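Inspection log for the structure reproduced underneath, given as structure tokens.
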Amino acid sequence: MCSENAVKKAIHTFVLLAALLPLAALPGGEPRFYPDDPLLVEPPPRDAGKILGRKFSDYFDFLYSSFGNPAGADPKAPVPRAQTVNTLDEAMDSAWWQRRHYYRPMSIEELVRGPGGDRPPSAAGKWTVTASKNEGVTPGFTIIDATGEKYALKFDPIGHPEMASAPDVLVGRFFHALGYNVPDNYIVELDPDRLEIRKGAKVKDELGKEREMNSRDITEILMKVPQDAQGRYRALASRYIKGEWAGPFRYWGTRRDDPNDIVPHEHRRDLRGYSVACAWLGHDDSRSVNTIDFVVEENGRRFVKHYLIDFGSTLGSGTQKANSPRSGFEYLWEFKPAVIQFFTFGLAVPKWAKAHYPDFPSIGRFEHEKFDALGWKAEYPNPAFSNRLPDDGFWMAKQVMAFTDDQIRAIVKTGQYSDPEAEAWLIECLIKRRDKIGRAFFAGVLPLDRFSIIDGRLAFEHLSAKHGFTAEPQYQVEWAVFDNTANTETPLAGAAGLQVPNSRAEFLKARIRGGEAKKFVDVYLRLRGGRREVVGIERHW
Amino acid sequence: MSPLIFLVLLLLCLSGPLRSQVPTRAAGIEAEREKKAAVLEPDEPTKAEQVLTRIKDDKIVERIQAGYNGIRGKLGGLATGGGFALGPEYAREDLAGGKLHLRTAAAISFRNFQRYDLELKAPETRTRPVFFQGYAVRHFYPSLQYYGQGPESEKDGRSNFLYEDLAIDGTVGVAAGKGLRLAASGGYLKVHAGRGRDQRFASIDENFGGGVTPGLDAQPDFARLGGYVELDRTDNRFGPRGGTYLLANFNHLMDRGRGQYSFERLDLEGQQYIPFFNQRRVIALRGRTNLTYTRDGRQVPFYLQPVLGGSDDLRGFRPFRFYGDQSMVMNAEYRWEVFSGLDMALFFDAGKVARRRADLDFSNLETAAGIGWRWNARNSVFLRMDVGFSHEGFQVWLKFNNIFAPKLIHSSSSQSVQ
């Protein structure tokens, strides 16, 4: 039998241990920087197991996003910073996004080539139609060319030739240069005589019933699409993405069957920043159904790769008609503006209703005067877009600003607009919207980037000044020794300016201010192999 | 050292290394992936979403609308006052390789209003601008409203009458392009008008005798010859925000009996949609006049007279409130977009009926004003509610169509019952 003292002692021991145990789990003990920081590329993906190919409902997406809280966010809690960034505040190369034009300037040839650019449907031989779609908003075919490559052919709406096909090609090139995975799209001239129907090819009628396809189906589709003066048909040919179709991704949560998908999408930097690119290119149709996941095999690994698709409803196009003037300014359903309109009898005219749109059937409604870079909205709320913080916006804005006027012109040319005035208007809009994006998002933070150490001095670019939006400010720099393990800092007396202090401490921290006091950047330097290197960037606003 | 103190020290010493188990950033990411890999599950959408996906993919709505092998249910479509109506419809648009469209329907309402119609048409195609149409309709409406002749008719004079007809018509026309259609048509109409069956109101013969109500005592058959010119330059037939619509429809109706009721009728209509603020605001104007011409003391039977009052013209008045040989109505609407699926409208209606064309002027117009809501999907108005006010009170209209939607222009049947 235990004595009373022994029991008491055991209880005391238990209570003390229970009280101390949480210490082991306290945060803050982790180093801020690991030896492999900054990580530019995510570790190679784990091999994906069984990935479910599934569809989402666009009605559900609209309703849940408009009236629900898909990401389960606490509206009172501050939005956390993006999680898929390295210590330099950059997204890492991953199955979602790759460093491209801003990080390694692409030549005009590379920009124009886009994600492929060298595999249009073969001009030799027949195009075998394997399926057709004669219903829905965009009729089209699936074809296999003489080389065995598979393409989806889509057409422009009658009354708006070029309006959907041109952006599908050129916007894809912009998104590719901005780092995203997109399909390889081409504008082609369709000769109906080149088409042959594969035996057993199926077509779905307007009621979704499948039946064997015949030549009349092709005729009917071609009757619904525009012909040019020479009677030719212009089509968009989108090369099929290689891999196993896995359905679209959402802008919230993660794929529950993908081991590599560990960060909720609403917290992904690449998806938060995507909102800025969509604003630039007028992609209000940037919803889940216009994305797609494929299980691909690269470098011996099988993993889920995430693509953006269907850009036919961008740059003022609504695919089948000109986009609504509301596009980009208000959601399809938005309580406050609706209430205002309801009770004011429409006398409170929204600014977007006063926008001027030149009459270009090949473009639809696209403009730059009223364009609001910060306030731009997709068709309905998108959790990743709604979570965008100033550093997320800055991250994409600097990539958008990386396109020169000439590069924009060259990419727009890939849309093959037949009306030079329409093309010129589009270029003007893209240049002016680009600049609005730069001005707006660079102002959200202290816009310093491309940090390095040159001749013992901390060097960087002030992007607003570089692009001529503002003058470069005077900088104040506070230096400190940074303890990477304890995550503490000790001011370095006497150190000031951009000259890196002569210290043997492994980590130094420079707090750079310039202009508004609340906007500053912390730069962390590490001593490795006798040299200082930039290992961390943290923006504050 | 007591065992307790030893344990505490050991725990504190271990806590540092425990907290730094991950030696690299990459290892941290790998660890997270490993954790996720242990709890993978199929990424299936919720049941509710799966149902919505199936509804769209399997085209459930379209199939319901299309029916089974062309057979489907149809709601509404009868004359105002008939109450809720439904019935079967059979439609095929694939006859003769899609060149021929067939539609036939039967509808009955809770107040026993009935309509049966059959339509066979060969619409114009890209290569053939000529169109043909055959249309037969039978109505049985036991209680249409009637208030007497002319603008002086009293609201308190409400009565009802039975209206039955059978109309068979043929039309041939050409779609000349750019919204212009020209057509010639002819048909035959058999009518019976009699005592109203709605016991709540007086029958027409109790309030108005045959002497003051032409056509009440006897209803001859009519043969009709006519033609129309229609120009539709609106930007969207099902919910226009800009453009012009014009219609001139002339018909000669020949009394196949004693000729007492032969007459000509000219219907003119113009609609103009003036958009501003990027089409988010629209002024919609509509003017319509229905003129009849008689000679040698002939009369226009009351059931074929122009009528005003109701959801489509004078919205502050009861349906069929005014009957007369001549009519004119003007409507003006200011519409504004509330959000992408709803427009609202303030409207003003003015019109009158008259015995003589010379009396069709802008004096003593009946007026109504009100507010309306227009719900749209895919740029088409599918539901509207209008609340109209006039000196006779107010009316609330709920309709599954757009205001000013063109009516049937190829039927000999009465305007009132369409």
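First to last, the sequence lines map onto chains A and B. When you number the first sequence by our numbering, it's gap-free, plus one each residue, and the end is 541. When you number the second sequence by our numbering, it's gap-free, plus one each residue, and the end is 959. Even glycine gets a Cβ: it sits at the ideal position worked out from N, Cα and C. Just so it is clear, the structure is predicted and the values come from calculations on it, not from any experiment.
Bridge partners - residue i, DSSP secondary structure assignment
| i | result |
| --- | --- |
| A:T404 | DSSP lists no partner for A:T404. |
| A:I512 | A:V477, A:V521 |
| A:E489 | A:F482 |
| A:L245 | Residue 245 of chain A is actually Trp in this sequence, not Leu. DSSP lists A:F294 as partners of A:W245. |
| A:S452 | A:A459 |
| B:M926 | B:W914, B:L939 |
| A:H306 | A:D293 |
Coil, strand or helix - residue i by DSSP
| i | result |
| --- | --- |
| B:R896 | coil |
| B:A725 | strand |
| B:Y844 | helix |
| A:W395 | helix |
| B:F571 | At residue 571 of chain B the sequence reads Glu, which differs from the Phe that was named. Residue state, collapsed to three classes: helix. |
| A:M213 | coil |
| B:I950 | coil |
| A:S362 | coil |
| A:V349 | coil |
| A:S66 | helix |
| A:D270 | helix |
| B:R613 | strand |
| B:P564 | coil |
| B:I944 | coil |
| B:F749 | coil |
| A:A131 | strand |
| B:W877 | strand |
| B:Q591 | helix |
| A:K336 | helix |
Burial state of residue i (16 or more Cβ within 10 Å)
| i | result |
| --- | --- |
| B:L939 | exposed |
| B:R842 | Residue identity check: residue 842 of chain B is Pro in the sequence provided, not Arg. Label assigned to B:P842: buried. |
| A:K154 | buried |
| A:I218 | buried |
| B:Y864 | buried |
| A:D261 | buried |
| B:T666 | exposed |
| B:T775 | buried |
| A:N387 | buried |
| B:L616 | exposed |
| A:T138 | buried |
Chain A residues whose Cβ lies nearer than 7 Å to that of residue i
| i | result |
| --- | --- |
| B:T565 | Y34, P35, D36 |
| B:W877 | Q341, F345, G346 |
| B:E590 | F56, S57, F60 |
Beta-carbon proximity check, residue i vs residue j, cutoff 8 Å
| i | j | result |
| --- | --- | --- |
| B:E571 | A:P43 | yes |
| B:S868 | B:V894 | yes |
| A:G208 | B:D599 | yes |
| A:A410 | A:L111 | yes |
| A:V276 | A:Q83 | no |
| B:V870 | B:D854 | yes |
| A:D522 | A:R511 | yes |
| A:L508 | A:V481 | yes |
| A:G364 | A:H101 | no |
Min CB distance residue i to chain E below 8 Å
| i | result |
| --- | --- |
| B:P586 | Here chain E cannot be found, since the structure's protein chains are A and B. |
Partner residues on chain A for residue i, Cβ-Cβ distance less than 8 Å
| i | result |
| --- | --- |
| B:N819 | P325, W352, A353, K354, A355, Y357, R365 |
| B:T594 | K55, F56, S57, F60 |
| B:L887 | F345 |
| B:L874 | The residue asked about is misnamed: residue 874 of chain B is Glu in this sequence, not Leu. Under the 8 Å cutoff, chain A gives no residues; its nearest Cβ is about 12 Å from B:E874. |
| B:A607 | E206, L207 |
| B:I815 | Per Cβ cutoff of 8 Å: no residues; B:I815 is ~14 Å from chain A at best. |
Partner residues on chain A for residue i, Cβ-Cβ distance less than 9 Å
| i | result |
| --- | --- |
| B:D773 | By Cβ distance, chain A contributes nothing, its closest Cβ being about 15 Å from B:D773, past 9 Å. |
| B:R500 | This structure does not reach residue 500 of chain B, given that chain B is present from 542 up to 959, and the question cannot be answered. |
Where residue i meets chain B, residues with beta-carbon distance less than 7 Å
| i | result |
| --- | --- |
| A:D257 | L581, E582, P583, D584 |
| A:R46 | R574, A578 |
| A:N260 | R574 |
Residue i: contacting residues in chain B (beta-carbon distance under 8 Å)
| i | result |
| --- | --- |
| A:W245 | Going along chain B, no residue has its Cβ under 8 Å from A:W245, so there is no contact; the nearest lies around 14 Å. |
| A:K333 | Residue 333 of chain A is actually Trp in this sequence, not Lys. Going along chain B in sequence order, the residues near A:W333 (Cβ under 8 Å) are F880, S881, G882. |
| A:G208 | D598, D599, K600, E603, R604 |
| A:M223 | R667 |
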